[in-house]
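These protein sequence lines map, in sequence, to chains A and B.
Each residue of the first sequence is one higher than the last, beginning at 1 in this note's numbering.
Each residue of the second sequence is one higher than the last, beginning at 1001 in this note's numbering.
One structure is given here, and the rest of the page talks about it.
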Amino acid sequence: MPDLGPHASFIWLAYGAAVVVLAGLVAWLRADLRAQQALLTELESSLTRGRSAKPRSGRRKPTGKRTKDRKP
Amino acid sequence: MQKYANPTRFMTFSGAVLPWLTAAAALLLAVGLYLAFFVAPPDYQQGQTVKIMFIHVPSAWLAMLGYTVIAVSAFTSLVWRHPLADVSAKAAAPIGAAFTLLALVTGMLWGKPMWGTYWVWDARLTSVLVLFLLYLGLIAIWQAIEEPSRAGRAAAILALVGFVNVPIIKFSVDWWNTLHQPASVARLGGPAIHPTILMPLLVMAVALTCLFFVLHMTAMRTEILKRRISALRLRQVTDAAGA
């Protein structure tokens, strides 16, 4: 590492600020993306569960396809 | 163009591009830091504090690039109602704000040993502070208005009005007497910097630009997922009400 001279503390502070700001931004964006991916997966599976549960309870309004399926 | 830039295609495209762009950013950042600390000589006037420029100058460029991305997205959103334009504008705001903050902080840390003061209210510094406040205003609009289309329209208008500040930042050093030095890289007569200092500066600029687009794409992917989640929740509520 070269000698950074009498203003070394200012140079280190500037690079430290860059690390804090950029690493913080990267960490926040990655965490947010993962959280949304997990939420979406959970929501999609709960919707799929809900849909597969409804015909058995007989509450769902019959669509054309369902009506066809129910024919003997 | 709309046909190729819908959210689903963007997710596929960004999923394929992001690992390569991340690797390029990491590699260029490593090369840039090596050149900055082990190859670039001290400047004849600034001494070793020139090393702050390798962070400060690219951050300032990206602060303006970020706002330009927002303004172009805002225009596209208002005129063509492009589905990705609002997403792009919203995603770029915190990233641009972070780079603007970094430009301000590193500029202050350079200013103290070189100018004898952290801050002066000259045209360049003040216009960059205004840019930071514009970013904060855009983020506040997105946070305050719940409905994305209304928030997008309000933010787009502020973004387009605020875009007048970008050329003011660029030409402030030519139009007014400022303590800040004039342009030394992007100028008509060519760069006024010695290649041994210019090279690390350009490598760091390309590295941080790659990082900017990695972060922008990541934030856009997150925003698209958030909108899908909102749509699914709405469907869940509609299903529950219809049952």
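Each residue gets a CB set at the ideal place from its N, CA and C atoms; glycine is no exception.
Task: Given 8 Å, three or more beta-carbon pairs between the region 1118–1133 of chain B and the region 34–52 of chain A - done: These segments do not touch.
- [ ] Name the one or two DSSP bridge partners that ASP1043(B) has.
- [x] On the second sequence, position 43 is the one that residue 1043(B) refers to. In the DSSP output, where bridge partners are listed per residue, ASP1043(B) has GLY1047(B).
- [ ] Could you confirm whether any beta carbon from chain B is found closer than 8 Å to the beta carbon of ALA17(A)?
- [x] In the first sequence, counting from the first residue as 1, residue 17(A) sits at position 17. Yes, contact with chain B.
Open item on the list: Using C-beta distances below 7 Å, list every residue in its chain close to LYS71(A), excluding the 5 sequence neighbours before and after it, in chain order.
Closed with: Numbered from 1 along the first sequence, position 71 holds the residue referred to as residue 71(A). A caution first: LYS71(A) carries a pLDDT of 41, below 50, which makes its placement in the model unreliable, though a value can still be read off. No residues qualify anywhere along the chain.
- [ ] Give the residues from the region 1026–1045 of chain B that approach chain A closer than 8 Å (Cβ to any Cβ), ordered along the chain.
- [x] PHE1037, PHE1038, PRO1042
Task: Contact set for ALA1183(B): own chain, Cβ-Cβ below 7 Å, skip 5 residues either direction - done: Translated into the one-based positions of the second sequence, residue 1183(B) becomes position 183. Here ALA1183(B) has VAL1173 as same chain residues with Cβ atoms under 7 Å from its own Cβ, once five neighbours each way along the sequence are excluded.
Task: DSSP three-state assignment for ARG1081(B), whether helix, strand or coil - done: Position 81 of the second sequence, counted from the start, is the residue given in the question as residue 1081(B). Coil.
TODO: Under 8 Å by Cβ, that's how I've got ALA1091(B) and HIS1216(B) pegged, so tell me the actual separation to the nearest angstrom.
DONE: By 1-based counting over the second sequence, the position of residue 1091(B) is 91. By 1-based counting over the second sequence, the position of residue 1216(B) is 216. Going by Cβ atoms, the distance from ALA1091(B) to HIS1216(B) rounds to 6 Å, so yes, they are a contact pair.
TODO: Count the other CB atoms, across all protein chains shown, that sit within 10 Å of the CB of TRP1080(B); report buried if there are 16 or more and exposed otherwise.
DONE: Working through the second sequence from its first residue, we reach residue 1080(B) at position 80. Exposed: under 16 other Cβ atoms inside 10 Å.
Task: For ILE1169(B) and ARG1124(B), believed in contact at Cβ under 8 Å, the rounded distance - done: Numbered from its first residue, the second sequence carries residue 1124(B) at position 124. Numbered from its first residue, the second sequence carries residue 1169(B) at position 169. The pair is a contact, with the Cβ atoms about 7 Å apart (cut-off 8 Å).
- [ ] Give a yes or no on whether the C-beta atoms belonging to PHE1163(B) and ALA1071(B) are separated by under 8 Å.
- [x] Position 163 of the second sequence, counted from the start, is the residue given in the question as residue 1163(B). Position 71 of the second sequence, counted from the start, is the residue given in the question as residue 1071(B). Their beta carbons are under 8 Å apart, which means PHE1163(B) touches ALA1071(B) by this criterion.
Open item on the list: What does the alpha-carbon distance come out to for the pair LYS65(A) and PRO1083(B)?
Closed with: The residue labelled residue 65(A) in the question sits at position 65 within the first sequence. The residue labelled residue 1083(B) in the question sits at position 83 within the second sequence. With a pLDDT of only 48 at LYS65(A), under 50, the local geometry of the prediction cannot be trusted, and no value is derived from it.
Open item on the list: Under 8 Å, CB to CB, which of the residues in the region 1210–1222 of chain B have a partner in chain A?
Closed with: LEU1211, LEU1215, THR1218, ALA1219, ARG1221, THR1222
Open item on the list: So, at 7 Å on beta carbons, what are the nonlocal neighbours of LEU1179(B) in its own chain, with the 5 sequence-adjacent residues on each side left out?
Closed with: By 1-based counting over the second sequence, the position of residue 1179(B) is 179. Answer for LEU1179(B): TRP1115, VAL1120, ASP1122, listed in chain order.
- [ ] Would you verify that the beta carbon of ALA14(A) is, or is not, closer than 8 Å to some beta carbon of chain B?
- [x] As a position in the first sequence, residue 14(A) is number 14, starting the count at 1. It does; some Cβ of chain B falls within 8 Å.
- [ ] Since I believe THR1218(B) is in contact with LEU40(A) (beta carbons under 8 Å), could you give me their beta-carbon distance rounded to a whole number of angstroms?
- [x] Here the question's residue 40(A) lines up with position 40 in the first sequence. Here the question's residue 1218(B) lines up with position 218 in the second sequence. Contact doesn't hold; Cβ gap of about 15 Å is too wide.
Open item on the list: Does the CB of THR1100(B) have a neighbour CB from chain A at under 8 Å?
Closed with: For the purposes of this step, residue 1100(B) is taken as the residue at position 100 of the second sequence. Closer than 8 Å: no.
TODO: Take ILE1095(B) as the anchor and find which of ALA17(A), LEU4(A), LEU29(A) has the nearest alpha-carbon.
DONE: Taking the second sequence and counting its residues from 1, the one referred to as residue 1095(B) is at position 95. Cα-wise, what sits closest to ILE1095(B) is LEU29(A).
- [ ] Measure the alpha-carbon distance for ALA1144(B) versus ALA1093(B) and round it to whole angstroms.
- [x] Position 144 of the second sequence, counted from the start, is the residue given in the question as residue 1144(B). Position 93 of the second sequence, counted from the start, is the residue given in the question as residue 1093(B). Roughly 15 Å separates the two Cα atoms.
TODO: Using a Cβ cut-off of 8 Å (strictly closer), state whether ARG30(A) contacts chain B.
DONE: Position 30 of the first sequence holds residue 30(A). With 8 Å as the cut-off, ARG30(A) counts as an interface residue toward chain B.
Task: Proximal residues to VAL1214(B) (C-beta, below 6 Å), its chain only, five neighbours per side dropped - done: In the second sequence, residue 1214(B) corresponds to position 214, counting from 1. LEU1021, THR1022, ALA1025, listed in sequence order.
Open item on the list: Quick check on the burial criterion: 16 or more other C-beta atoms within 10 angstroms. Buried or exposed for GLN1048(B)?
Closed with: On the second sequence, position 48 is the one that residue 1048(B) refers to. With 16 or more Cβ atoms within 10 Å of its Cβ, GLN1048(B) is classed as buried.
Open item on the list: Tell me which residues share the same chain as GLU1223(B) and place their Cβ nearer than 8 Å to its Cβ, disregarding the 5 neighbours each side in the sequence.
Closed with: Translated into the one-based positions of the second sequence, residue 1223(B) becomes position 223. Around GLU1223(B): VAL1087, LYS1090, ALA1091.
TODO: Assign TRP1110(B) to one of two classes, buried (16 or more other C-beta atoms within 10 Å of its C-beta) or exposed (fewer than that).
DONE: Within the second sequence, residue 1110(B) is the residue found at index 110, counting from 1. By the neighbour-count rule (16 or more Cβ atoms within 10 Å), TRP1110(B) is buried.
Task: For LEU1160(B) and ALA1063(B), believed in contact at Cβ under 8 Å, the rounded distance - done: Mapped onto the second sequence, residue 1063(B) falls at position 63. Mapped onto the second sequence, residue 1160(B) falls at position 160. Contact flag wrong, Cβ pair sits at about 18 Å.
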